[in-house]
Amino acid sequence: MIDSHLPALIALTFVLFAILIPMFGLWKPKSSQPLAVLGSGIASVLSLYAFATYLQTGSIRYFFGGWEPPVGIEFVYDGLSGFFVLVINTVAFFVLIHSRQVARREFPGKEMPYFALAMLALLGFNGMILTGDLFNLYVFLEISSLASYGLIAIGSRPAPYAAFRYLIIGTAGGTLYLLGVGFLYTVTGTLNIIDMAAMLPTFATNTSVVAALVLMVVGIGVKAALFPLHGWLPDSYTFASSSSTALIAPIGTKVAAYILFRIVFYLFGVELTDAVAPITTVIGILAAIGILYGSIMAIAQTEMKRMLAYSSVSQIGYIIMGLSLANPLGFAGALLHVLNHAVMKACLFLVAGNLRMKEGHSDISKFNDSYRKKYPWTMASFSVAAISMVGLPPLAGFFSKWYLALGTIDNENWIFLAVILISSLLNAVYFFRILEKVYMMNPKKDQKEGSDAERNEVGFSMMFPTSVLAIALFVIGFANAAIVGILFNIFPM
Amino acid sequence: MDLTLVPLLAILSSLAAVPFILWSSSKPNLRETWTIIAALVKFGLVLTLLPSALNGESVTLHLFDLAPGLPFALNADPLGVFFAVIASGLWIFTSFYSIGYVRGHKEHKQTRYYASFAICLSATIGIAFSGNLLTFIVFYELLTLATYPLVIHTESDDAIKAGRKYLSFTLTAGLLLIAAAGMVYYYTGTLDFTPGGVLGDADIPYHMILVMFILFLGGVGVKAGIMPLHGWLPAAMAAPTPVSALLHAVAVVKSGVFAVLRVVGYVFGVDVMGDYGLNEILIVLAGATVILASLIAFAQDNLKRRLAYSTVGHLSYIVLGIALLTPLGIQGGIMHIAAHATMKITLFFCAGAIIVNLHRTEISNLNGIAKVMPWTMGAFVVGSMGLAGIPPINGFFSKFFLISGSLEGDMMIPVIILIVSGLLNAGYFFPIIHRAYFKKGEGLEKYGEASPFMVVPIVITATLSVLFGLFPNLFFNFFDLAAQISASLFNSATP
Amino acid sequence: MLDFFLGHYAYWFVVILMCVGLYGILFKKNLVKKTIGLAIFQVSVVLYFVSIASKWGATVPVKDSNIPVEQVANYLNPLPHTLMLTAIVVGVATLGVAFTLLMAIYNRYGTLDEQELLEKIQ
Chain A
36 MIDSHLPALI ALTFVLFAIL IPMFGLWKPK SSQPLAVLGS GIASVLSLYA
86 FATYLQTGSI RYFFGGWEPP VGIEFVYDGL SGFFVLVINT VAFFVLIHSR
136 QVARREFPGK EMPYFALAML ALLGFNGMIL TGDLFNLYVF LEISSLASYG
186 LIAIGSRPAP YAAFRYLIIG TAGGTLYLLG VGFLYTVTGT LNIIDMAAML
236 PTFATNTSVV AALVLMVVGI GVKAALFPLH GWLPDSYTFA SSSSTALIAP
286 IGTKVAAYIL FRIVFYLFGV ELTDAVAPIT TVIGILAAIG ILYGSIMAIA
336 QTEMKRMLAY SSVSQIGYII MGLSLANPLG FAGALLHVLN HAVMKACLFL
386 VAGNLRMKEG HSDISKFNDS YRKKYPWTMA SFSVAAISMV GLPPLAGFFS
436 KWYLALGTID NENWIFLAVI LISSLLNAVY FFRILEKVYM MNPKKDQKEG
486 SDAERNEVGF SMMFPTSVLA IALFVIGFAN AAIVGILFNI FPM
Chain B
3 MDLTLVPLLA ILSSLAAVPF ILWSSSKPNL RETWTIIAAL VKFGLVLTLL
53 PSALNGESVT LHLFDLAPGL PFALNADPLG VFFAVIASGL WIFTSFYSIG
103 YVRGHKEHKQ TRYYASFAIC LSATIGIAFS GNLLTFIVFY ELLTLATYPL
153 VIHTESDDAI KAGRKYLSFT LTAGLLLIAA AGMVYYYTGT LDFTPGGVLG
203 DADIPYHMIL VMFILFLGGV GVKAGIMPLH GWLPAAMAAP TPVSALLHAV
253 AVVKSGVFAV LRVVGYVFGV DVMGDYGLNE ILIVLAGATV ILASLIAFAQ
303 DNLKRRLAYS TVGHLSYIVL GIALLTPLGI QGGIMHIAAH ATMKITLFFC
353 AGAIIVNLHR TEISNLNGIA KVMPWTMGAF VVGSMGLAGI PPINGFFSKF
403 FLISGSLEGD MMIPVIILIV SGLLNAGYFF PIIHRAYFKK GEGLEKYGEA
453 SPFMVVPIVI TATLSVLFGL FPNLFFNFFD LAAQISASLF NSATP
Chain C
322 MLDFFLGHYA YWFVVILMCV GLYGILFKKN LVKKTIGLAI FQVSVVLYFV
372 SIASKWGATV PVKDSNIPVE QVANYLNPLP HTLMLTAIVV GVATLGVAFT
422 LLMAIYNRYG TLDEQELLEK IQ
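Heads up: the sequence lines are chains A, B and C, in that order. If you want this note's numbering, it's the 1-based position in the first sequence plus 35. If you want this note's numbering, it's the 1-based position in the second sequence plus 2. If you want this note's numbering, it's the 1-based position in the third sequence plus 321.
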């Protein structure tokens, strides 16, 4: 009944709420956030239901207007898109719950536009994941990008400039992608992914196809913050408001990674991709460099959000490295890391938001051990997320690194294995530094700030999402065998 | 009696105590009671596994899958039970000792201390009972995390630096272990610990076996104190003495040598080790460590640091025994796990008592203290004699088997190393004893023996060292267990 | 050789426009000029799509009752045109957002020159 319409419903929920929020928001500004939470909540439930349906009955293809491809546009809900949709909608739900108090404090009076933009951004992300048409993907890409530029601009003083830089680079990237799509259309005459995938093998040697693949990868690489196209990321994540970053950081780059997965594994197929151009090798190397670069830059940062931004560059490198391995273990590891990193990064950025709310800053050099008494739950969530990022069992982060490591061993790619291991150590450096500051007494000062501080934890609406995400890391860790079992089934070979 | 759940319960018993410890933080007596109860329960549970271990049986429990095809598996085999008995038994004594030390020293953050201890012991028993490499790695890393708060307990500059050093060594080691485990899984498709090893059947090129061995060596060598990976041990002496006693003389470092034994006997297998000459690498490293550590111990004036280097040396006794790849040698190594544990913990307890009572840490300051702390120093004499290999203390017997094992394998050099090291041991312990008994002390008039909470455990562990020396099978049949474990590694028929 | 240039003059035009746009984005210091560069860049891609839709001797894809239904090939390919309508709208929206951002930047910092901005932000 409703099942066959699910792909469209998930995306259209956001359209509905993107309209409802301005309508109600002009009348009652306070209603924007609850409506946003409601919208993403409905979408999460639908995503969950759809994934459960997928596990039982298989992929769903939804043809808009009843027009069958290649004439019409379709939404394809298969394992890969279902997984991504589930991850981003659930994480977005928790982040939006958290944003209530942040909105009141960091951008009062602008709640309505903010949450409307959030809905549009999520619409764009979901659309990108679900669509089965290459040009439709471009449209949703631009929708989400424009909304993201807006979300980032609502922030501190330099935010519009960061958003502008992101706009220039991001739109250029999108345009390159569009050109690539144009080349593919010229050669094959269709825009539908499934259709084109059947046709491409015959055109493997056509230079247009080579150029198209390169253009598309570069264009999407900008959005995915693949080294060296990541330049927009640190400033954007740092200067945006805590909620914006928490919304975009766990989700935005993942969706771009999803598009890369789609192109490499489904549109072209692994053998064809390598036959056309050595894309997997090149992006693997770039990802490895990005992993190390991000980790090293993160160590050098004094401000927590900036540190987390560089950490994100590093983490997306893991995902793309897993993609470049092109074997089932790397695939499972990369997708598991999509889930893990989305939850971990969201938790970490929410912690940053909590600290900013209470302390007014998230400058690491000013952290001291009074935090331990003042914000016990926040710091506990931070500890869990930090340990998971470093990759210590039994938390979730260990398992994605384990599968990625197995994937690199499978390919006998020892350099990538070393990169994964070394970066785990580097992660430990910049996370344990904060843990040390917060949980240890400062040996230089005589005043024992810790024992005098009073508990001043953030309110429930902020604490609840942070804690839930932290607890989720335990759950994912213990349940990872089941999750990975599903991921192995999704692998298209 | 169905024992299948016992391994799991043994691990969880102290974890379950942690919430109670945290909630009773304002009532010290109640809080300490939880620790003691947890220790007794844990020891009791482990003891119930002893009869089946003596029969050569293992108690297996497969919980959920950690990863597809890789279960979270507990396997209380004879070796695991051996280690678990030692760790959990000595924890009881350490808990009592801790009460005396921590209160006498007026340490801060006592709740964190006791809670971390409880988690550490869970992790140690988990390591003992791990059935495959993945479960092992989970508990190994958990041990690292749980010991960190204990290492940096005093939060002084030294302690924080020691903590960083500890973490960097152990986390790196953990990563190397993960890489090694990944490779084993890649080549054999399994991570189970099997007596006789799993690498024998797989067709693996020589250089890959070498790479895996080096990775494993890096992974386990840090905790086992093999030079040059031992650097964290002396630095970790910045921790309170009970921490040094149990964790760094018994739990953490013994986990390291336990891991070496698992790797050599249950992953590579005695045959593979011998065929590829891998044991020779171990013999060289362990032998060098034994001698070098003993020499460096001479130069230390700080009592705990001298004990730390002594530990490094004795850990390599065990590794050396394992590396001999002879039944008697491995048996000697296993026996030394138990012997060194009881002796070293005695010595560290003594050091702690001296620190709390007399506030003295340097050996040159210890003149004449035997008059003031007769029981403590008496126990110290027993422990040092045992470590030097003097009968009838259990240290003599393990050494005897180590030397026999070396002769069994027609290797003279380990024999020489062991004898020289015995002399060096005597050499760096004797001056302490000499000072304590035969030199005149200053400023000692107002002091007496340490509190009973500390002295009683010291005397008990020292007495146990003597008793186990005289009756090797007393209480726990350590001797029989060790012989049986060693023999099981040499049945080359793969199960 | 000549044929290589003359035969593909549409594509050459697109390439030149792309280079102009990229030059604007990368090498111009004024933010407005960067935006103009971006717009030119996007337009070049639009022109590419339009060019691939064209055919010799075909007419605009508006239904002409003089042409029988079977002779569909007499019309240009309408699909790229539709796609480009969407793309142009996207471009316009992007420019709108860009200009709003530029106004916000100008209001906060008083300059639209990249050098000065970076100094002021530091």
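All C-beta atoms in this analysis are idealised placements derived from N, C-alpha and C, irrespective of residue type, glycine included. Note that the coordinates shown come from a computational prediction; the quantities given were computed from them, not determined experimentally.
Cα-Cα separation, residue i to residue j
| i | j | result |
| --- | --- | --- |
| I164/A | V120/A | 7 Å |
| K29/B | F98/B | 17 Å |
| G512/A | I355/A | 21 Å |
| Y465/A | I506/A | 22 Å |
| G445/B | K373/B | 12 Å |
| G485/A | M414/B | The predicted model places G485/A with a pLDDT of 49, which falls under 50 and marks its position as unreliable; any figure quoted below should be read in that light. Rounded to the nearest angstrom, the two C-alpha atoms are 59 Å apart. |
| K483/A | L24/B | Low local confidence applies: a pLDDT of 49 at K483/A is under 50, so the model's placement there is unreliable, and no value is given. |
| A12/B | V321/B | 27 Å |
| L162/A | T316/A | Correcting the residue identity first, residue 162/A is Gly in this sequence and not Leu. Answer to the nearest angstrom: the Cα atoms are 29 Å apart. |
| Y396/C | A381/A | 52 Å |
| K108/B | V383/B | 28 Å |
Partner residues on chain A for residue i, Cβ-Cβ distance less than 8 Å
| i | result |
| --- | --- |
| Q363/C | T206 and T210 |
Residue i at chain B interface by Cβ criterion, 7 Å
| i | result |
| --- | --- |
| P428/A | yes |
| S349/A | no |
| I326/A | no |
Minimum Cβ-Cβ distance from residue i to chain A less than 7 Å
| i | result |
| --- | --- |
| V418/C | yes |
| K188/B | It is worth fixing the name first, because residue 188/B is Tyr in this sequence and not Lys. Y188/B counts as touching chain A. |
| V20/B | no |
| L193/B | no |
| E444/B | no |
| V43/B | no |
| A303/C | With chain C covering 322 to 443 only, the question about residue 303/C has no answer from this structure. |
| L422/C | yes |
Neighbouring residues, chain B, relative to residue i (Cβ below 8 Å)
| i | result |
| --- | --- |
| L90/A | Per Cβ cutoff of 8 Å: no residues; L90/A is ~16 Å from chain B at best. |
Residue i: contacting residues in chain C (beta-carbon distance under 7 Å)
| i | result |
| --- | --- |
| I203/A | I346, K355 and L359 |
Proximity test, Cβ basis, 7 Å: residue i and chain C
| i | result |
| --- | --- |
| L371/A | no |
| T242/A | no |
| L307/A | no |
| A198/A | yes |
| F52/A | no |
| L250/A | no |
| P104/A | no |
| T413/A | no |
Within chain B, partners of residue i - CB distance below 9 Å
| i | result |
| --- | --- |
| E471/A | I154, I162, G165 and R166 |
| F523/A | P70 |
Residue i versus the options, residue with shortest Cα-Cα distance
| i | options | result |
| --- | --- | --- |
| T313/B | V265/B, F431/B and I356/B | F431/B |
| A239/A | A259/A, D309/A and F274/A | D309/A |
| Y498/B | A55/B, A41/B and K167/B | Any question about residue 498/B goes unanswered here, given that chain B covers just 3 to 497. |
| A428/B | E109/B, F403/B, G385/B and P73/B | G385/B |
| V386/A | T443/A, T280/A, G304/A and A463/A | T280/A |
| N31/B | W93/B, I94/B and R105/B | R105/B |
Contacts of residue i in chain B (Cβ-Cβ under 7 Å)
| i | result |
| --- | --- |
| G520/A | P70 |
| A440/A | I180, A181 and G184 |
| F434/A | A69 |
Short CB-CB distance (under 7 Å) between residue i and chain E
| i | result |
| --- | --- |
| T501/A | Note that chain E does not occur in the displayed structure, where the protein chains are A, B and C. |
Chain-ordered chain A contacts of residue i [CB-CB under 7 Å]
| i | result |
| --- | --- |
| F352/C | With the sequence shown as reference, residue 352/C is identified as Leu, and Phe is not the correct amino acid for it. Going along chain A in sequence order, the residues near L352/C (Cβ under 7 Å) are F199. |
| I139/B | P428 |
Pull out every residue of the region 47-80 of chain B whose Cβ sits closer than 9 Å to any Cβ of chain A, in chain order. Listed by position along the chain: F66, D67, L68, A69, P70, G71, L72, P73 and F74.
Would you list, in chain order, the members of the region 159-189 of chain A that have their beta-carbon closer than 7 Å to a beta-carbon of chain C? Of all residues in the region 159-189 of chain A, those with a C-beta nearer than 7 Å to a C-beta of chain C are F170, V174, E177, L181, Y184, G185 and A188, reading in chain order.
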